[in-house]
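S.K.:
Number of protein chains: 2
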Amino acid sequence: MYRSHSCGELKASHINTEVTLAGWVQKSRNKGFMVWVDLRDRYGITQLIFDEERTPKEMMEKAKSLGREFVIQVSGTVIERESKNSKMATGAIEVLVSKLEILNEAVTPPFTIEDETDGGEDIRMKYRYLDIRRNPVKDSLIFRHKVAMEVRKYLSDQEFIEVETPYLIKSTPEGARDFVVPSRMNEGQFYALPQSPQTFKQLLMVGGMDKYFQIVKCFRDEDLRADRQPEFTQIDCEMAFVQQEDILNIFEGLTRHLLKEVNGVEVDKFPRMLFDDAMRLYGNDKPDIRFGMEFGELNEVTQHKDFGVFNAAELVIGIAVPGGNKYTRKEIDNLIKWVKRPQVGALGMIYARVNEDGSFKSSVDKFYDQEDLAKWAEVTGAKPGDLVCVLSGDTNKVRAQMSALRMELAERLGLRDPKVFAPLWVIDFPLLELDEETGHYHAMHHPFTSPKPGQLELLDTDPGAVKANAYDLVLNGNEIGGGSIRIHDKKIQATMLKHLGFSEEEAKAQFGFLMDAFEYGAPPHGGLAFGLDRLVAILGGQETIRDFIAFPKNNSGRDVMIDAPAFIDDEQLTELSLKLNIQEKE
Amino acid sequence: MYRSHSCGELKASHINTEVTLAGWVQKSRNKGFMVWVDLRDRYGITQLIFDEERTPKEMMEKAKSLGREFVIQVSGTVIERESKNSKMATGAIEVLVSKLEILNEAVTPPFTIEDETDGGEDIRMKYRYLDIRRNPVKDSLIFRHKVAMEVRKYLSDQEFIEVETPYLIKSTPEGARDFVVPSRMNEGQFYALPQSPQTFKQLLMVGGMDKYFQIVKCFRDEDLRADRQPEFTQIDCEMAFVQQEDILNIFEGLTRHLLKEVNGVEVDKFPRMLFDDAMRLYGNDKPDIRFGMEFGELNEVTQHKDFGVFNAAELVIGIAVPGGNKYTRKEIDNLIKWVKRPQVGALGMIYARVNEDGSFKSSVDKFYDQEDLAKWAEVTGAKPGDLVCVLSGDTNKVRAQMSALRMELAERLGLRDPKVFAPLWVIDFPLLELDEETGHYHAMHHPFTSPKPGQLELLDTDPGAVKANAYDLVLNGNEIGGGSIRIHDKKIQATMLKHLGFSEEEAKAQFGFLMDAFEYGAPPHGGLAFGLDRLVAILGGQETIRDFIAFPKNNSGRDVMIDAPAFIDDEQLTELSLKLNIQEKE
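Next up, the structure:
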């Protein structure tokens with residue numbers, strides 16, 4: 006062992022102890038007659054001291070030669086520090102060095118290894134191993150480990166069994182694009198990497214495994230949006246002989262356990278909201294309920310006048326911005342600009358100030374009188390001092406726009422406190438979703454999701470109206486988990502696949518093994534999967550996942566540190582019975 | 006919830022309780038006026054009873070209609086059983102059913118779902134979800150979960166952090182063949198699936214993460230030998246600021262913890278054996294030391310006579326088979342046939358019986374007298390009643406042959422008791438291994454393994470003699486883990502790669518990121534990886550891993566249940582800039 010103690014543990018009680026430490030030189034101060042070195046390891050920083058009086062000359066010179074990030078081993082005596090640093094765990098002491106060994110030298114790192122670094126995203130990704138030395142990244146990875154351990158402990162205590170499902174499986178064109186893996190031993194054939202272990206966990210239920218979980222990597226070959234990774238980690242769970250209520254209870258328990266153990270926060274029973282209500286009140290299916298600003302639907306109180314914009318709209322929505330009446334005209338103009346950005350896409354925004362005396366001043370006073378505006382305030386819940394912002398248009402679009410505005414305003418108003426946790430179940434999702442481009446319905450969750458009892462018949466007449474036994478767990482405006490009760494009846498599964506446009510042959514080729522399995526006594530079952538990367542980030546008080554992943558890829562799916570993907574040898578290709586087929590791009 | 010209790014928990018203390026159970030019909034006995042059903046779930050079996058007197062007629066008929074593996078839900082009263090079954094956990098009671106619901110019917114399964122099944126390997130693989138219902142497989146998977154949990158608990162308590170490393174990495178021609186993954190977004194380029202997270206865990210050490218572990222899937226595209234899987238699971242570990250001794254201690258601690266928690270076995274400090282001694286005494290680097298039968302080298306006591314076979318041999322080895330003198334001539338002839346099988350490859354076997362009176366009778370009495378044979382007995386440790394078996398030939402070959410014979414004899418003699426655990430460290434492995442075919446040396450462990458201090462110079466003069474800081478953990482004749490102290494100096498790493506035949510460009514292209522990382526202050530580090538599949542199997546008292554893997558592949562790398570790998574659409578290929586290149590086989 007190269008050390009007797011870590012750099013984070015020496016306290017006043019260690020004074021006069023002989024210790025050996027090893028770590029990296031965080032920085033050093035050379036006053037000529039004295040040299041201080043901050044020695045860093047995973048656990049903290051300890052100050053080392055060398056001085057002319059007590060340190061041999063040769064060692065003094067060696068100490069002066071130490072550069073940033075040199076790896077050294079020192080032995081010495083713990084002594085009391087003259088000027089104590091109460092902000093540092095080891096601030097009461099320093100180590101007077103009697104032996105110094107340089108274990109490895111270091112060239113100057115391309116960015117400073119400090120909490121606030123001067124390194125940009127790209128350079129930090131290329132030298133990720135140096136970035137990991139920084140507390141924000143290191144602590145995020147340790148935090149992730151802690152969360153994963155608590156997940157495993159909780160579920161294991163509840164008799165869940167972690168079962169490893171295979172990574173080399175079969176490609177299914179349904180859903181997102183698969184990553185595929187050519188098989189050398191089975192010429193011309195490919196495995197696929199799992200987008201999720203969905204069918205395997207269902208087979209485990211058929212196999213009687215009853216309570217399954219797995220923390221598992223999943224893969225999706227999508228064009229990457231910001232903050233998406235081609236490989237991501239799921240907490241994948243499934244239970245047999247349960248109804249929706251049982252699943253909600255178990256995983257609410259898990260989430261509450263994590264909030265308590267990891268964040269020290271006790272949370273009451275999670276509220277539940279119908280999908281339809283979430284869309285109506287918040288304009289999206291993962292509302293952030295840490296703050297209000299619920300939507301008020303204003304059609305009735307706006308469409309009785311001559312204002313054509315509102316009259317032509319399918320939906321008119323307003324929200325009350327708390328304290329928004331203090332915004333200057335310029336600030337409001339900027340807000341209007343903000344909603345008109347292509348990313349949001351509104352054509353404009355109407356507003357009404359609610360003055361402290363209860364009177365109103367709107368941007369459409371020409372059309373609406375004080376009585377009208379009072380109704381706007383009533384519907385949106387606006388109080389004196391607030392600002393009512395109103396958008397209008399097609400239902401889906403205007404809801405999305407207002408949702409974006411609501412989140413932006415909350416951000417600006419500091420209402421999205423990362424230390425406050427507001428979990429929420431959103432339930433009764435639609436079974437199907439209309440693809441506006443193709444005009445076809447596809448499964449909103451996945452093709453194994455069970456429709457609500459008695460709604461199967463609606464599939465023929467009004468497919469969009471069918472609700473599913475499907476639910477999402479939302480935390481602070483992020484979907485952290487989602488799942489459903491599955492179909493466990495072969496006939497219903499066949500009907501579903503037919504409605505999703507699978508021919509009988511396609512259904513058999515892709516899901517035949519699952520349908521076959523349902524013949525041999527499939528129990529009622531259902532489950533849920535959490536996105537671990539995001540869950541960890543949110544529990545850690547962050548909205549971006551990158552620092553919680555040790556070696557993330559960039560938005561082109563590249564690992565810039567190891568420079569992957571890369572070209573492979575022709576020989577390797579030939580062995581795999583493959584040829585490149587690169588076409589000139591137009 | 007479909008049940009108030011599991012099928013494994015009802016005892017006499019539950020008598021008169023109303024319960025609801027759900028599960029599978031294991032079997033039913035219909036006596037006309039009475040029907041008994043064994044209801045099974047993951048936790049056990051509970052006997053249900055229906056009888057003419059107490060069960061309504063309609064339910065009686067329904068009960069009679071239940072087939073094997075039907076999924077049912079029942080409510081009823083726990084009653085005392087007339088003829089108790091003390092072998093069953095629930096053998097004191099039965100449930101008098103008042104409500105019966107068939108949740109799902111089942112067709113007759115292709116094999117019986119019992120501990121001893123009539124299903125062959127192939128059919129059980131195809132219907133793996135049914136195989137998992139059988140106790141031997143189900144219990145193995147639960148056992149695996151338990152082992153993995155204990156590994157995580159132990160390492161986490163020792164401040165190890167589980168860090169997830171990427172699955173989509175870069176192909177390196179070194180070592181076994183990679184599985185590759187074409188990248189759609191980076192045309193013509195490929196990711197590779199990791200054979201192990203080796204370089205990433207070393208980068209984590211450079212990153213200061215200090216104590217890392219991960220239970221992680223790894224991939225090797227090898228022609229599969231029996232009991233190998235293309236995807237397998239490793240407990241991958243690495244530590245910084247440690248010497249070999251520290252690593253052995255930590256992971257000996259882990260193994261001892263597992264033996265205690267999982268098997269209830271306390272094991273003393275693990276013995277350590279030099280690689281050279283293992284080869285000399287047992288003929289292989291993973292000796293089973295649950296029993297003796299160590300090799301005796303007989304050159305000195307055999308090569309002084311006119312027996313040409315021995316005189317021409319590089320090495321003559323004997324072992325003493327305890328009690329082997331009782332073998333008949335026919336049994337010994339069969340043993341000779343066994344060693345002459347092509348899988349073993351010996352040309353013959355000489356033997357000497359040690360009679361109870363201490364006299365000898367050998368197959369080469371023409372050449373050797375009693376005095377000679379007494380020396381054979383002395384060197385091999387043979388006692389009256391034993392049999393000395395002798396093989397001769399080239400050192401490497403004869404050691405391998407004798408090792409095979411030793412294991413076979415131990416098996417026959419019942420010396421390989423799966424309930425006895427004999428762990429062993431084998432240390433001081435050679436750094437390099439000569440490839441007999443190419444005449445080149447390659448890394449025995451991997452190219453990042455550190456040579457023993459002071460032996461670097463030998464690389465030029467006698468590469469085969471260089472020993473490494475490399476070690477294996479052996480349990481009952483199986484390598485369950487292996488590792489090494491790594492090189493952490495860029496120059497030494499470059500020297501090693503040169504000796505392994507990498508040009509400077511190849512070294513840079515493949516391991517440049519690691520060598521770069523070593524410039525920025527790499528700490529001394531080392532680690533170890535356990536093969537989880539095998540570790541679990543051996544702790545579970547088995548030698549084959551298949552039942553400890555939920556969904557294994559067959560020897561052609563196929564998942565016969567889901568029928569993967571499979572052909573993919575041309576469209577998918579085109580998107581990946583690939584074409585099939587299937588050549589006529591000669």
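Read top to bottom, the protein sequences are chains P and W.
Taking the working numbering, the leading residue of the first sequence gets 6, the next gets one more, and so forth.
Taking the working numbering, the leading residue of the second sequence gets 6, the next gets one more, and so forth.
Yeah, the Cβ is synthetic: ideal placement off N, Cα and C, and Gly gets one too.
What you are looking at is a predicted structure, and each value in this text was computed from that prediction instead of being measured.
Out of W:Ile174, W:Arg129, W:Ile20, state which residue places its alpha-carbon closest to the alpha-carbon of Glu567 of chain P.
M.R.: It should be noted that the sequence gives Ile, not Glu, for residue 567 of chain P. Each of W:Ile174, W:Arg129, W:Ile20 was checked against the Cα of Ile567 of chain P, and the nearest Cα belongs to W:Ile174.
S.K.: Identify, in the order they occur along the chain, each residue of the same chain with its Cβ nearer than 6 Å to the Cβ of Ala527 of chain W, setting aside the five sequence neighbours on each side.
M.R.: So the qualifying residues of the chain are Val211, His493.
S.K.: Does the CB of Ala283 of chain P have a neighbour CB from chain W at under 9 Å?
M.R.: Not one chain W Cβ lies under 9 Å of Ala283 of chain P.
S.K.: Measuring only between beta-carbons, confirm whether Ile174 of chain W sits less than 9 Å from chain C.
M.R.: The chain inventory of the structure shown lacks chain C, comprising the protein chains P and W.
S.K.: Compute the Euclidean distance between the alpha carbons of Gln249 of chain W and Phe275 of chain W, then round it to the nearest angstrom.
M.R.: 15 Å
S.K.: Can you check DSSP and say which residues form a bridge with Glu23 of chain W?
M.R.: W:Thr82
S.K.: DSSP three-state call for Asn619 of chain W: helix, strand or coil?
M.R.: Outside the shown range of chain W (6 to 591) lies residue 619 of chain W, about which nothing can therefore be said.
S.K.: What span of residues does the alpha helix (DSSP H) with Gln203 of chain W cover, start to end?
M.R.: 203-211
S.K.: When you compare only the Cα positions, how much space is there between Glu591 of chain W and Asn339 of chain W?
M.R.: Model confidence at Glu591 of chain W stands at a pLDDT of 47, short of 50, so the residue's coordinates are unreliable; what they give is reported in the following sentence. Roughly 40 Å separates the two Cα atoms.
S.K.: Please list the residues of the stretch 187-204 of chain P that have a C-beta atom closer than 9 Å to any C-beta atom in chain W, keeping them in chain order.
M.R.: Pro187, Ser188, Arg189, Met190, Asn191, Glu192, Gly193, Gln194, Phe195, Tyr196, Ala197, Leu198, Thr204
S.K.: Using 8 Å as the cut-off, can you tell me whether the stretch 450-467 of chain W makes contact with the stretch 326-345 of chain W, which would need three or more C-beta pairs spanning the two stretches below that distance?
M.R.: With the cut-off at 8 Å, the stretch 450-467 of chain W and the stretch 326-345 of chain W do not touch.
S.K.: According to DSSP, is Glu121 of chain P helix, strand or coil?
M.R.: coil
S.K.: Do Tyr287 of chain P and Ser408 of chain P come within 9 Å of each other at the CB atom, strictly closer than that value?
M.R.: yes
S.K.: Can you pull the chain W neighbours of Ser582 of chain P, defined as C-beta to C-beta under 8 Å?
M.R.: Leu585, Asn586, Ile587, Gln588
S.K.: Could you name the residues of the stretch 120-138 of chain P whose beta carbon sits closer than 7 Å to any beta carbon of chain W, in the order they occur along the chain?
M.R.: Tyr134, Leu135, Ile137, Arg138
S.K.: Under 9 Å between C-beta atoms, does Ile573 of chain W make it to chain P?
M.R.: yes
S.K.: Answer yes if the stretch 344-353 of chain W comes into contact with the stretch 370-388 of chain W, meaning at least three C-beta pairs across the two stretches below 8 Å, and no otherwise.
M.R.: no
S.K.: Should Arg45 of chain W be labelled buried (16 or more other beta-carbon atoms within 10 Å of its own) or exposed?
M.R.: Label assigned to Arg45 of chain W: buried.
S.K.: Are the beta-carbon atoms of Glu164 of chain P and Lys216 of chain P separated by less than 9 Å?
M.R.: yes
S.K.: Assign Asp183 of chain P to one of three DSSP states: helix, strand, or coil.
M.R.: coil
S.K.: Kindly list, in the order they appear in chain P, the residues whose Cβ is closer than 7 Å to that of Thr170 of chain W.
M.R.: Ala555, Phe556
S.K.: Please compile the residues from chain P whose C-beta is within a distance smaller than 7 Å of the C-beta of Pro529 of chain W.
M.R.: Tyr7, Leu108
S.K.: Helix, strand or coil for Glu428 of chain P, going by three-state DSSP, please let me know.
M.R.: In the sequence under discussion, the amino acid at residue 428 of chain P is Pro, which differs from the Glu named in the question. Pro428 of chain P falls in the strand class under three-state DSSP.
S.K.: Among P:Phe516, P:Trp41, P:Asp290, whose alpha-carbon lies nearest the alpha-carbon of Ala4 of chain P?
M.R.: Summary: the structure shown does not reach residue 4 of chain P, with chain P confined to residues 6 through 591, and so no result is reported for it.
S.K.: Based on Cα-Cα distance, which residue from P:Gly459, P:Pro458, P:Leu263 lies nearest to Leu537 of chain P?
M.R.: P:Leu263
S.K.: Considering just the uninterrupted stretch of the alpha helix (DSSP H) at Thr385 of chain P, what are its terminal residues?
M.R.: 375-385
S.K.: For chain W, check one thing: does any of its Cβ atoms lie closer than 9 Å to the Cβ of Tyr356 of chain P?
M.R.: no
S.K.: What does DSSP give as the partner residues of His530 of chain W in its beta bridges?
M.R.: W:Ala245
S.K.: List the whole-angstrom C-beta distance separating Arg295 of chain P from Leu420 of chain P, where the pair is believed to meet the contact cut-off of C-beta under 8 Å.
M.R.: 6 Å
S.K.: What residues of chain P sit near Arg47 of chain W, judged by a beta carbon separation below 9 Å?
M.R.: At a C-beta separation below 9 Å, Arg47 of chain W has these neighbours in chain P: Glu164, Ile166, Gly213, Met214, Asp215, Lys216, Ala245.
S.K.: Report the residue ranges of all alpha helix (DSSP H) runs contained in full by the stretch 487-554 of chain P; include only those spanning at least 4 residues, in chain order.
M.R.: 495-504, 509-522, 537-544
S.K.: Interface residues of chain W around Thr238 of chain P at Cβ under 9 Å?
M.R.: Glu169
S.K.: Hey, could you find the ends of the beta strand (DSSP E) His150 of chain W is sitting in?
M.R.: Note, His150 of chain W: premise wrong, no beta strand (DSSP E); alpha helix (DSSP H) at 140-162.
S.K.: Using a Cβ-Cβ distance cut-off of 9 Å, determine whether Pro235 of chain W contacts chain P.
M.R.: Any Cβ of chain P closer than 9 Å to the Cβ of Pro235 of chain W would place that residue at the interface, and such an atom is present.
S.K.: Since Val321 of chain W sits in a beta bridge, which residues does DSSP pair it with?
M.R.: W:Ser397
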